[in-house]
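Since the structure comes first, as structure tokens, the remarks are kept for the end.
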Amino acid sequence: MYDSIDEAIKVKFAESQSILIVSHIRPDGDAVGSLLGLGLALIHQGKAVQMVLEDGLPDKYLPLSGSDLVRRTAQGEFDMSIVVDCSDIERTGSVLSNISKPDLNIDHHKTNLNFAALNLVEADSVATAATLAEHMPSWGLEIDCAVASCLLTGIIADTIGFRTSNISAQALRLSADLIDKGADLPKLYRQTLVSRSFEAIGFWGAGLNRLGRDGAIVWASLTLDDRRKIGYPDDDDADLINILAAIGDAKIAIIFVEHENGSVKVSWRAQAGIDVSGIALSFGGGGHAAAAGVDIQGDLTEVRDSVIQATKVLLAETFASKNNKILVEEEKGEHKYG
Ligand SMILES: [Mn+2]
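Counting from 1 along the sequence shown, just add 109 to a position and that's the residue number in our numbering.
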């Protein structure tokens with residue numbers, strides 16, 4: 110065996126000529142940036158690379174190099190299959206239906222199931238793109254301006270512009286290195302986070318009309334009817350969750366998005382000190398302490414009520430365990446001094 114996973118990955122790349130890279134359904138900036146960044150670097154090494162996203166590429170990422178190479182299905186055979194930014198294989202959709210065990214899984218989700226032959230999973234990493242930026246040089250892959258722009262897009266997206274609670278000096282150093290390679294931070298920042306369509310802002314308005322709160326939990330819902338009336342083209346929340354998370358005294362923000370297949374996409378955002386990954390997992394989803402999500406089959410109102418109820422229990426338990434901890438520490442203090 111090899112000394113390190115980096116060595117094993119490097120050897121596997123050297124042995125492989127045709128490489129498939131996939132990421133998750135409803136791809137976000139980290140899925141896209143990781144897929145394109147790794148894919149372009151391998152193409153530059155002369156590999157035949159297929160980059161596949163079952164739901165295709167969101168329009169706002171079209172300006173990235175390599176975006177025209179992304180397909181919705183895989184064609185033919187491969188020497189190597191790679192899954193980026195996915196905690197479980199089901200999140201890739203049906204792209205890998207012929208592959209039971211991918212060769213490599215590169216991810217940063219705490220709930221990752223280590224489903225591949227080689228698993229580079231760094232739960233402390235702010236983005237899969239940050240993990241790639243750190244490891245690609247040790248695999249002999251060059252980070253040029255085009256690759257750096259894709260990777261910085263992934264970091265900007267998953268850290269919501271360097272402001273999630275997991276942001277670290279190391280993530281900023283990696284980002285600075287990508288800027289040194291030529292990535293244009295102001296342009297990528299606006300493209301990834303700021304720029305919106307007229308319809309997206311209208312969609313926010315519809316959701317904000319249903320703004321609700323119960324103590325420190327706030328939520329909003331987006332219906333299929335809102336989408337149709339406003340002409341919002343995608344099936345996501347248009348990042349409305351980030352507006353809810355801006356409410357100063359809210360500990361947890363939740364967004365509910367009704368989908369055509371009879372399911373509701375639920376996303377949680379939590380303040381530091383609260384872990385919503387477990388609650389997402391309990392409903393069959395996954396994610397991080399500060400941001401998690403799941404698709405739940407059912408009626409919007411019923412899903413909303415059961416999720417809010419479960420989230421209230423989580424919040425109560427979180428504060429109960431914190432109070433217990435303080436009590437225990439006080440008791441210890443009494444022993445020490447008493
Ligand atoms: Mn990610």
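Where is the CB? At the ideal position from N, CA and C, for every residue including glycine.
Checking the DSSP bridge columns, you'll see Trp-328 partnered with Gly-321, Ile-363. In this structure, Ala-236 has its beta carbon less than 7 Å from a heavy atom of ligand 1.
Burial is judged here by how many other beta carbons sit within 10 angstroms of a residue's own beta carbon; Ile-405 has at least 16 and is buried.
Selection Pro-172, Asn-275, Met-189 evaluated against Gly-138 yields Pro-172 as nearest (Cα-Cα). In chain order, Val-373 place their CB closer than 7 Å to the CB of Gly-407, counting only its own chain and leaving out the 5 sequence neighbours on each side. Checking the 7 Å criterion, the Cβ of Asp-197 is out of range of every heavy atom belonging to ligand 1. A buried status is given to Glu-367, since no fewer than 16 other beta-carbon atoms sit within 10 Å of its beta-carbon.
Not one heavy atom of ligand 1 falls within 7 Å of the beta-carbon of Asp-348.
For Gln-279, no beta strand (DSSP E) run applies; the uninterrupted alpha helix (DSSP H) run containing it begins and ends at 278 to 289, by DSSP. Here Gln-154 carries a coil assignment [DSSP, helix/strand/coil]. The secondary-structure analysis by DSSP pairs Ala-401 across a beta bridge with Trp-377, Gly-396.
The Cβ neighbour count for Ile-310, taken over all protein chains shown within 10 Å, is under 16; the residue is labelled exposed.
By the C-beta criterion, the region 151 to 160 is judged not to be in contact with the region 195 to 203, since fewer than 3 inter-stretch pairs fall below 8 Å.
Between Ala-398 and Arg-378, the gap from beta carbon to beta carbon reaches 8 Å or more. Spanning the alpha carbons of Cys-254 and Asp-194 requires a straight line of approximately 22 Å. Counted as a single uninterrupted DSSP element, the beta strand (DSSP E) harbouring Ser-190 occupies residues 189 to 193. Fewer than three Cβ pairs drawn from the region 277 to 297 and the region 318 to 330 lie within less than 8 Å of each other, which leaves the two stretches out of contact. For Asp-177, the three-state secondary structure derived from DSSP is helix. Non-local beta-carbon contacts of Gly-340 in its own chain, meaning distances under 6 Å to residues more than five positions away in sequence, involve Glu-308 in chain order.
Of the heavy atoms belonging to ligand 1, none sits nearer than 7 Å to the Cβ of Asp-164. The straight-line gap separating the alpha-carbon atoms of Asn-214 and Ser-143 is approximately 12 Å.
Excluding the 5 residues flanking it on each side, Asp-212 has same chain C-beta neighbours closer than 7 Å at Lys-121, Met-189, Ser-190, Ile-191, Ala-225, Ala-226, Leu-227, in chain order. Remark: three or more beta-carbon pairs, one from each stretch, lie closer than 8 Å, so the region 241 to 248 and the region 276 to 291 are flagged as touching. A Cβ-Cβ distance of about 6 Å is found for the pair Ser-386 and Thr-220, placing them in contact under the 8 Å criterion. Within 10 angstroms of the beta-carbon of Pro-342 lie fewer than 16 other beta-carbons, which makes it exposed.
Between Ala-236 and His-218, the gap from beta carbon to beta carbon reaches 8 Å or more. The C-alpha of Ser-376 lies about 33 Å from the C-alpha of Ile-114.
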